[in-house]
Amino acid sequence: MTVNEPTRYGTSAEPTALEIHHPTPITPAHPAPVLPGTIPAVTSVVLPDGRVVTGYAVAPTQPEPVVAKPAVSNAAVNVALGGVGFLAVCGGLLLLTAFITALTALVTQLITLAAVIFGGWIAVQVLGSSGRKGGTTVHIRRAVFKRNHFHG
2 MTVNEPTRYG TSAEPTALEI HHPTPITPAH PAPVLPGTIP AVTSVVLPDG
52 RVVTGYAVAP TQPEPVVAKP AVSNAAVNVA LGGVGFLAVC GGLLLLTAFI
102 TALTALVTQL ITLAAVIFGG WIAVQVLGSS GRKGGTTVHI RRAVFKRNHF
152 HG
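In structure tokens, the structure reads:
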């Protein structure tokens with residue numbers, strides 16, 4: 002550059018030295034692994050001011066599909082099925098309880114009947130022996146005891 006050469010900021014009165022800057026490339030700390038067949042196509046876009054931007058197209062991330070919830074929760078279905086099963090069992094338990102009660106009453110009546118019959122048989126054996134002739138009869142006469150000696 003020369004002195005008094007027109008510049009964008011006006012004319013310079015004194016000579017200036019030119020500085021040349023060389024950009025240094027930035028290397029990534031961890032380069033991404035390149036798998037064969039997975040490199041996307043390079044696309045170029047022309048901006049309205051005439052500049053061209055070149056790069057890789059990035060697909061937008063798709064949100065996870067929303068899973069449709071059932072109208073009734075699984076817990077409610079399980080509780081309902083448990084209630085139906087309990088009601089089905091209650092009828093059987095009611096019949097079982099009635100059967101056990103009836104069986105207990107029958108056993109009690111049989112025991113009472115056996116006691117009455119056995120007790121009657123024993124009473125007939127004890128009280129009815131005077132009418133039979135098969136037993137031993139002992140007649141006691143009036144005896145006289147003198148000086149510890151029996152005179153019959």
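Per our numbering, residue 2 is the first one in the sequence shown, and the count goes up by one each step.
Even for Gly, the Cβ is constructed at its ideal location relative to N, Cα and C.
This one's a predicted model, so the numbers in the text were calculated from it and none came from an experiment.
Look at residue 127 here: in three-state DSSP terms it is helix. According to DSSP, residue 46 shares a beta bridge with 54.
Shown here, residue 76 sits in a helix according to DSSP, grouped into three states.
DSSP places residue 62 in the coil class of the three-state scheme, outside both helix and strand. Under the criterion of beta carbons closer than 8 Å, residue 46 and residue 54 qualify as touching, at roughly 5 Å.
Taking the CA atoms as reference points, residue 98 sits about 11 Å from residue 105.
In the structure shown, residue 90 adopts helical secondary structure according to DSSP, grouped into three states.
Taking C-alpha positions only, residue 111 is separated from residue 126 by approximately 23 Å.
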